[in-house]
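First the structure, in the form of structure tokens, and then the observations on it.
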Amino acid sequence: MNHRQFRWLLNVYPPYLGAGVRVRHLSEDYRDIVVEMPLTFLNRNYVGTHFGGSLYSMVDPFYMLMLIKNLGPDYIVWDKAASIDFVKPGRGTVRARFHLDEETLRDIRRKVAERGKVLPTFTVDVVDESGDVVARIEKVLYIRKKTP
């Protein structure tokens, strides 16, 4: 599946469709992704701001998916843990950007070769239309080589 088809598939994924989450950009090499979510009736909480579960869900799978695509079929990649810090109420459209660079991928491959597994932590900020941080999410992933 190419990156355009994968982006389309993510955009019609029912939980994202219902919450209004949209993948706005997915680079051909799966190293850059931009996700947006407008404030709607379906993702608004009791006090009229973004529901925390929707803020988390909009960022949940992306580092895992990016690493699976970039490390290739010889690696196992799982989400291990996550935490979210709600910095300020989210109003309007919020956005998150994910980026993987070659140095990070080399470091992961090296550590897996040395240790057998690695538990890297990635941080992503969800920002509002002014660029202010609404939520900061830390994702811990589990990565190891598949056994032959």
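Numbering-wise, this note's numbering puts 1374 at position 35 of the sequence shown, and it's gapless, one number per residue. Glycine included, every Cβ here is placed at the ideal spot set by N, Cα and C. Being a predicted model, the structure only gives us computed values, none of them experimental.
The DSSP-derived three-state label of Leu1410 is helix. Leu1381 places its beta carbon 7 Å or farther from that of Ala1474.
In this structure, Pro1428 is the residue among Leu1348, Pro1428, Asn1350, Arg1483 with its C-alpha nearest to the C-alpha of Phe1390. Put simply, of Trp1347, Arg1436, Lys1478, Asp1446 the residue whose alpha carbon is nearest the alpha carbon of Ser1422 is Lys1478. Counting only runs of at least 3 residues, the region 1373-1433 fully encloses the following beta strand (DSSP E) elements, listed from N- to C-terminal order: 1414-1425.
If the five residues before and after Val1466 are omitted, its C-beta is found closer than 8 Å to the C-beta atoms of Val1433, Arg1434, Ala1435, Val1472, Val1473, all from its own chain and listed in chain order. Here Phe1437 is near Ile1372, since their CB atoms are less than 7 Å apart.
Cβ-Cβ distances below 6 Å link Pro1377 to Gly1359, Thr1432 in the same chain, with the five nearest sequence neighbours on each side left out; the list follows chain order.
With respect to Arg1430, Thr1388 sits close: the two C-beta atoms are nearer than 7 Å. Its Cα nearest to that of Asp1424, the residue Gly1392 stands out among Asp1418, Val1451, Gly1392. In the DSSP assignment, no residue is bridged to Arg1363.
Under DSSP, Ala1474 takes part in a beta bridge, and its partners are Phe1425, Val1465.
For Val1457, the pairing in a beta bridge is given by DSSP as Ile1482. In the DSSP assignment, Phe1437 forms a beta bridge with Ile1372. For Lys1456 and Leu1348, the gap between their C-alpha atoms comes out near 30 Å.
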